[in-house]
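Please read the structure below before turning to the comments.
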Amino acid sequence: MGPRRTPGIAAVGYATVVWGLLPIVLKQVEMPTLAFATYRLWFGILIYAVALLAMRRRLRWEVIRACWPGGLLFAADLVLTFNAFRITTAANATIIGAISPVFIAIGAARWFGERIGRKEAMLMAASIAGVGLVALGSFGSPAWRPLGDAFAAASTLSWTGYWLFSKRVRTKLKVGTLEYMTTVMVVAGGAVTVVTVASGVSLAPPQGEEWIWLAYTTVISGAAGHLALAWSHRHVEAWLGSLVMQSMPVVAATAGWILLNEAMTPLSIAGGAVVLAATGAIVARERFGSRPQEEPTAPAALG
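If you're matching positions, the sequence shown starts at 454 in the working numbering and goes up one per residue.
Pasting the structure below:
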């Protein structure tokens, strides 16, 4: 995909780490999830608006018309994911979401003509198996809640839709990163605000340390994380980027173990090691150019 492929993979890696820490952050917040999401989105809109003004760029109506579905998908994913992170264990919330690379790979094969070599497919299967080991090791934890797992399962669909739509807009329509993310934030902010108000949830402002967590979710994981991911879409295949992000459960489970005393069993640790090893092997193969020698599997084999 060009000389920017390695920086693109690094950008996905950054998003993986900062988003993997989100479950820990959200467990420190007392205000309602919808209210917190609303504040996070509107502060994000402010950041992107300032960036547009500073760079003397503006949103054109044709860009908004092409990109608005991404905002609705992002709003759905934000609400579902935030609820999952707060209700169930950090490990489970991210582990269930790690199923999305399978759906993304299927969609990328059908819509973008991406092909996956046999060895890459085997490593992907190993990575998914590692995710399963982490999940098995998490069951029985006092912090585990079935409702949180249900939110996480629903978020895999919203995230898959958002990822594939974003890649289509960035690669096919050539929409700029900043313009796309600004449109996404404006549409998502409006949608979540309407849902919050209609639900009767209080929009009282954050208190004390909640401002710190809001700043993290807005700037570090929000604006910076999503800009990095949106920029990577033009330089990294959808299946590879989504697979790198499959390491999020390892980040979340490790942080939950260290900071929240959420148990990590030997099975969870072994599964995390498998995820990291398989993902690292794929990235190394892509980085050093071994993949072109592989005979790719047909897209039909994925779906």
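In this text, a Cβ means the ideal position worked out from N, Cα and C, and glycines have one as well.
C-alpha gap between residue i and residue j, whole angstroms
i                 : j                 : result
alanine 668       : phenylalanine 538 : 18 angstroms
leucine 526       : alanine 651       : 19 angstroms
lysine 625        : methionine 634    : 16 angstroms
threonine 630     : alanine 734       : 29 angstroms
arginine 458      : phenylalanine 618 : 20 angstroms
glycine 566       : glycine 614       : 17 angstroms
alanine 723       : alanine 676       : 33 angstroms
threonine 670     : glycine 725       : 25 angstroms
glycine 601       : alanine 708       : 18 angstroms
leucine 475       : glycine 642       : 19 angstroms
tryptophan 514    : alanine 657       : 33 angstroms
tryptophan 495    : valine 639        : 8 angstroms
leucine 506       : isoleucine 498    : 12 angstroms
phenylalanine 535 : isoleucine 517    : 26 angstroms
isoleucine 557    : valine 503        : 32 angstroms
valine 478        : proline 554       : 24 angstroms
alanine 605       : valine 637        : 21 angstroms
isoleucine 711    : valine 470        : 15 angstroms
glycine 524       : alanine 546       : 22 angstroms
valine 689        : proline 599       : 34 angstroms
Contacts around residue i, its chain only, beta-carbon distance under 7 angstroms, and the 5 residues preceding and following it disregarded
i              : result
tryptophan 472 : Ser674, Gly678, Met701
tyrosine 492   : Pro659, Leu667
threonine 718  : Gly590
serine 608     : Asp530, Leu533, Thr534, Ala537, Gly550
leucine 680    : Thr630, Met634
proline 582    : According to the sequence displayed, residue 582 carries alanine and not proline. Correct list, in chain order: Val727.
Neighbourhood of residue i by C-beta distance below 6 angstroms, restricted to the same chain and skipping five residues each side
i              : result
glutamine 481  : Trp666
serine 743     : Residue placement at serine 743 cannot be trusted, given a pLDDT of 47 that sits under 50; what the coordinates show is reported in the next sentence. Nothing meets the Cβ criterion.
isoleucine 623 : As written in the sequence, residue 623 is arginine, which differs from the isoleucine given in the question. Answer for arginine 623: His686, Arg687, listed in chain order.
alanine 731    : Leu576, Ala579, Ser580
alanine 519    : Leu626
glutamate 748  : Only weak support exists for where glutamate 748 lies, its pLDDT of 35 falling under 50; the value from the coordinates is given anyway. So no residue of the chain qualifies.
Close Cβ partners of residue i (< 8 angstroms) along its chain, the five nearest in sequence each way excluded
i             : result
glutamine 660 : Glu483, Met484
leucine 487   : Val532, Val645, Val648, Thr649, Ser652, Val654
proline 745   : Confidence in proline 745 is poor, its pLDDT being 42 and thus under 50, which makes the residue's placement unreliable; the coordinate value appears in the next sentence. Counting only Cβ-Cβ distances below 8 angstroms, and skipping sequence neighbours, we find nothing.
alanine 683   : Ser619, Arg623, Thr630, Tyr633, Met634
**Asked** Can we say the stretch 691-700 touches the stretch 458-467, given the rule of at least three CB pairs closer than 8 angstroms?
**Response** yes
**Message:** As an exercise, report each continuous alpha helix (DSSP H) stretch of at least 4 residues that is fully enclosed by the stretch 564-631, in chain order.
**Reply:** 571-591, 599-624
**Item:** Every unbroken alpha helix (DSSP H) inside the stretch 678-704 [4 residues or more]
**Value:** 678-685, 691-697
**Message:** Which runs of the beta strand (DSSP E) at least 3 residues long sit entirely within the stretch 509-544? Give them in chain order.
**Reply:** none
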